[in-house]
Structures are given as C-alpha cells and as structure tokens.
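Okay, structure first, notes after.
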Amino acid sequence: MAVTIQQSVFIESKDFRAQKVELSSSYHTKSLMSYDWAAHDVAVSLRYALPAEHTLACFVDIRNTSSATRVVTLHPGLLYGIGNTNWWGSDGLMARYDSTEHVTISKIWAYGDVLALGSSVVPAGYYAGDSEDRCSFWIRSGNPASTGSASIQGRGPLYAVQRHVAELMPGERRTILVCLSRGKNEELARKELMSALRGAAESARARLRDDARFWETCPTLQGEWPDYWKRGWVYDYETLRMTVRPPLGIFRHPWDGMQIHAPRLVLGETAMDMLAMSYADPALARRVLYGKFADARAPNGPCGGEDGSVTMPPATGPECGRAPMWGYPFQVLSSLFAMSGDTAWLGTIYPHLKAYALWWLKHRTDGEGWLHCNNSWESGQDGSSRFLVAERNEGAVADFVRTVDVEASMAQALQVLERFAEVLGRSDDIAQWDALAERRIANTGAMYFGGRYRDVDARTGKPIILKDSYDVMMLAPVACGVASPSHIMALKSALRQFAVDPPPALQWPPSLFTYTEAAWKAGERQSAANTVAAVADRVYRRTD
140 MAVTIQQSVF IESKDFRAQK VELSSSYHTK SLMSYDWAAH DVAVSLRYAL
190 PAEHTLACFV DIRNTSSATR VVTLHPGLLY GIGNTNWWGS DGLMARYDST
240 EHVTISKIWA YGDVLALGSS VVPAGYYAGD SEDRCSFWIR SGNPASTGSA
290 SIQGRGPLYA VQRHVAELMP GERRTILVCL SRGKNEELAR KELMSALRGA
340 AESARARLRD DARFWETCPT LQGEWPDYWK RGWVYDYETL RMTVRPPLGI
390 FRHPWDGMQI HAPRLVLGET AMDMLAMSYA DPALARRVLY GKFADARAPN
440 GPCGGEDGSV TMPPATGPEC GRAPMWGYPF QVLSSLFAMS GDTAWLGTIY
490 PHLKAYALWW LKHRTDGEGW LHCNNSWESG QDGSSRFLVA ERNEGAVADF
540 VRTVDVEASM AQALQVLERF AEVLGRSDDI AQWDALAERR IANTGAMYFG
590 GRYRDVDART GKPIILKDSY DVMMLAPVAC GVASPSHIMA LKSALRQFAV
640 DPPPALQWPP SLFTYTEAAW KAGERQSAAN TVAAVADRVY RRTD
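Each residue of the sequence shown is one higher than the last, beginning at 140 in the working numbering.
Written out as structure tokens, the structure is:
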C-alpha cells in the first residue's frame, strides 16, 4: 500500500525518514497488525488481517484532524513473480484490470495461483507493468493515465496497482477495505475476493474479540520493567498463539506447530510452549498436550506434520519421537495438573503417558538395563558430540551411548506417573512405577564420576569425557530432582560457572530449561535469575 497525503508520498520506509514522519504499529497480534502514522494533520492506519485462508485484507482508516480539506490517495498493489519454482508451463505472467467488476487479475502462464485485487470503492485509476521504477513513478507523479494490462515472458515480477482518491472534509473519517485473494483459477479467485469483501469486517471483529479474551487472562509485565521487555513479552505470547494451530489432517486436536515457516509437532517443544501457554490459557495448554499423545501415530510420538509425514527418521530403524529430557514433558504435565486439579483430563491422558513410558523402557533399554537414544535427533541435541557422531551424521545410531539425561528424566517421568496413579486410584500401577523409578534413580547415581555426571560408552563401560566442555544437559539429574544432596553440592561450582560464562547451548530453550531448573533446585537461584535476565534482555531488545 502506497499513500499520498496532499503532496507527500509514502511508499517505502525511506519516505518516512526523509519527511521525518514516525511510522509505528499501535496494534500487533497474531490476528491483526497495523501501520500507523500522521502527516499534514491526517492520521492513517493500515490494519492487515487474514479473514480467510486465501485472502489478505487491509482495512484503511484515514481521518482528517485539520480545519481544512485534505486529499488522500491510496495505491493498493500486488507484486507477482514466479521466483525459483520450477513449475511446468511457468513461462510468464500477465495482469489486467476488469473495469466491469473493478478487479485486477494477475496470473502465471500456464500454471499457478490466480490473484485478484479489489476494494470496497471504485478505483480512479490503475497500472500494470514489469518495471518497478515506472510503477513507482506512476504513483509518485500522480499521473492520471491508466494502463489496463501487461504481459511479460520470464519469471517476473509483474506490478499491478490501483488508485483511490479520497477528499476528506475537516474532521471527516473514512474506512476503505482492500482485499487480495487467490484461487486455483480466475473464477475461484474472484469468488474468494467477493466473499472476502462481504465478510472481512465481521471476521476481523471476531479476531479482535478473540484477542481481547486472550489478554484478559494472559499475564503482562507491569511496573518499572524496560519498555522493550514489556513489548517483547507480548511478542513472545503472540508468537506462541500463532504456533498453536487448529485441528487439521491427522491431528484431531489443537496442535503446536513449533515454528511458523515449517510447522511440525514435536513433544519437547510442545511441552515448553504449553508450559508458557498454561499461564495465559491453561485449558488450551492441556488440550494441546493431550492431543500430542492421543493423536500420535505410535506410543513414542514420532515427530511430523498434519499430513502424516515424519520429520525425524534415523539413519536406520523406525521413525523417532523426542526423548523425555527434551522439554521435560512429564514435569510440564505435573505442573499443568497442579495448576488445575483437572482429574478428568488426567484420566484421559494417563493411558497415553503410560504407553509412552513403557515404550521407552522396552525399546531404548540395552541388555544390561541402561537407557539410550537411538540417535542424536531423538535426544533433541542434533549432532551433539555427546553421541560420538560418526562422519557428522546426526541420524547415525548412537545406542551404545548410555545417556544420563534420559536416565534422569525417565526417573522423573516414572515418579510423576506414580503420583498420577495415586490421584486416579490406579493401585495396580503405583508399585510398578515406584520400582521402575528406583532403578532409574540408581542408574543415574552410578553415572557420577569425579564430581560430575557423565554419559557412559557401553562398549568400554567407561565415562565419556569430552575435552572441549561440560555439557549443560549433564545437569539433568539435578533438574529432575533425582540427584543426591552430595552430588548437588559438588555441582554448585559448575552451575555458577555456566552463569558467569554461558555456553552456546544456553541459547537453546531446552538447555536453558535444564540449567534454570537445576540452578533453582540446587539453591543457586540468583544464577538462574541472572541467566534468564540476560537471555530475555538480549532477545527482547533485538525483537523490539
């Protein structure tokens, strides 16, 4: 969207700098974001939202605050290029303006989505062409001549722009809706556009009501925190909201996509995300975690997408899920239940948790009763030197590495299951979980060598001592509450050193989770606080 107020043109950020106009966003959630500024006594707000999967809407709000008439010209446009996609028949692009329905259509020859641009008012002009400079000149010069169509051979991009002129009386306010829609053919793109122009406003109002409901219960930072912390906190929660996706494909429940650009469901990341979400929307957090286990294709919860694809096959063997120390899902589950006391939820998720734990004990325990990961991916610590990765193959089998964090986190998981069994009255399970937990606690204690916990190479029976560093994940026995008091005391120096000289691993959330839990339980709470503050300050300052 380009905007001209009187003779001042705003297309790029440099235009705002040149005219000393401050550009900001007064509203920015997962549902809607705005660009806001004022010039020549005209306040402008461009509010973008997705009213439907195939439409981007812009609600233009312009208000004349002066005592004189002001002229505002809007130039909504679309830029369409083939890019690097090697589609069959992708030989060129075209754009044309339909003066009957006042819609701009752009498409690829001969395959690709068709785009339709339209608005709630009739354009005063239109342009189409392959030159960014000529398009910019047409906007900046206010040239009244229109170019109705353009067609180019090659990959593009192609530019198509409309012009809307609004003359605002003193004090007048006006709202215009512009929508860009897509479809597999022109008919579908036009139908999508017309539907969006009719329903976008109500869709946006519904999204705003949903935002309001969320922030009624979501915690915020109040008082003398830095402003960028207060805003960064909001960005965190809005990003978290955006990663939680509706049921789709094989997922029958809301699911955590973990990341925006390539969503996939992964146990450890889901656990950490839902721990954060539990402070804002605890019911949603419980539903998402239940769905992670209930919708899983196998008891170990293979990582994958909504179409049933898997994202973590090892070099050999079946698909992997995440090990119990990555994101500490059982600690998170224990926290969520302690918050809510929701025994109905606990009763439905318990069988799935039981199946997960028993799967790990059956399929990831060696002949001598020690736990391991099949490969570094399964641990979440892709390519870590802990797993003695051969030829830098992150998926290489590492079942000879007895991993201390798996032992400790499984001990914690079994203790949590024992408490859950007591709550649910599953008397037959209580003794079983207790005995299994004791074995894992004993194994964890036996992996303590020379003042540190270590992984063990099953081929030699000797601890694996890395030359370069002491891995923060070795603090898992303390984080999981299964380390002895003497071992905790001996590890205090390591905890303090990590706080003073943080390793790169503390930039990775599960490792930071391990460190802060270990520091908290060891009484090193100032170290934990300082580490969290350093991470938050770096991240919030940058994202702001």
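Glycine included, every Cβ here is placed at the ideal spot set by N, Cα and C.
Measure the Cβ-Cβ separation of residue i and residue j and say whether it is below 8 Å.
i      : j      : result
Gln554 : Gln470 : no
Pro441 : Trp499 : no
Val562 : Leu492 : no
Asp544 : Ala615 : yes
Ala299 : His214 : no
Gly466 : Pro649 : yes
Val383 : Leu423 : yes
Ala419 : Tyr376 : yes
Glu331 : Ser320 : yes
Thr450 : Gly444 : yes
Asp567 : Glu557 : no
Asn514 : Arg503 : no
Tyr187 : Leu171 : yes
Arg425 : Asp481 : yes
Val210 : Val304 : yes
Classify residue i: buried if its beta carbon has 16 or more other beta carbons within 10 angstroms, exposed otherwise.
i      : result
Ser290 : exposed
Ile399 : exposed
Asp366 : exposed
Phe198 : buried
Gly388 : exposed
Ile201 : buried
Pro385 : exposed
Trp226 : exposed
Gln636 : exposed
Ser165 : exposed
Excluding the five sequence neighbours on either side, which residues of its own chain have a C-beta within less than 6 Å of the C-beta of residue i, listed in chain order?
i      : result
Ala667 : Thr655, Ala658, Trp659
Ser288 : Arg235, Ala267
Arg391 : Asp434
Ala284 : none
Pro452 : Glu458
By alpha-carbon positions, which one of the options ends up nearest to residue i?
i      : options                        : result
Arg541 : Val562, Tyr495, Arg593         : Arg593
Ser258 : Gly310, Trp226, Leu336         : Leu336
Ser184 : Ile488, Leu316, Ser229, Ser147 : Leu316
Gln145 : Ser473, Ala178, Gly228, Ala191 : Ala178
Gly295 : Gly220, Arg352, Asp375         : Gly220
Glu517 : Thr314, Tyr265, Val536         : Val536
Ala410 : Trp354, Met397, Ala284         : Met397
Met586 : Gln636, Leu510, Ser523         : Leu510
Ile569 : Ala576, Ala560, Leu575         : Ala560
Leu360 : Trp354, Phe353, Lys369         : Lys369
Phe539 : Pro602, Ala483, Ala644, Ser566 : Pro602
Val181 : Leu195, Ala249, Glu306, Ala191 : Glu306
Gly322 : Ala284, Leu575, Pro642, Ile247 : Ile247
Pro421 : Pro358, Cys459, Pro453, Pro402 : Pro358
Leu710 : Leu195, Gly228, Gly371         : Because the chain in this structure spans residues 140 to 683, residue 710 falls outside the shown range and cannot be described.
Excluding five sequence neighbours on each side, which residues of the same chain lie with their C-beta closer than 7 Å to the C-beta of residue i?
i      : result
His241 : Gly257, Val261, Pro262
Asp237 : Ile244
Ala207 : Pro309
Gly293 : Gly231
Thr168 : Asp350, Glu377
How would you write the range of the alpha helix (DSSP H) that residue i sits in, first residue to last?
i      : result
Glu306 : Taken as a continuous stretch (DSSP letters only), Glu306 belongs to no alpha helix (DSSP H), being part of the beta strand (DSSP E) at 297 to 307.
Met416 : 406 to 416
What first and last residue would you give for the beta strand (DSSP E) that runs through residue i?
i      : result
Gly322 : 312 to 322
Ile580 : Run containing Ile580: none in the beta strand (DSSP E); it sits in the alpha helix (DSSP H), 566 to 584.
Lys246 : 242 to 248
Tyr174 : 171 to 178
Thr212 : 209 to 214
What residues in its chain sit with their C-beta under 8 Å from that of residue i, if we drop five residues either side in the sequence?
i      : result
Phe276 : Asn282
Cys274 : Gly216, Tyr266, Gly268, Tyr298, Val300
Leu406 : Lys431, Gly440, Cys442, Gly460, Arg461, Trp465, Gly466, Pro468
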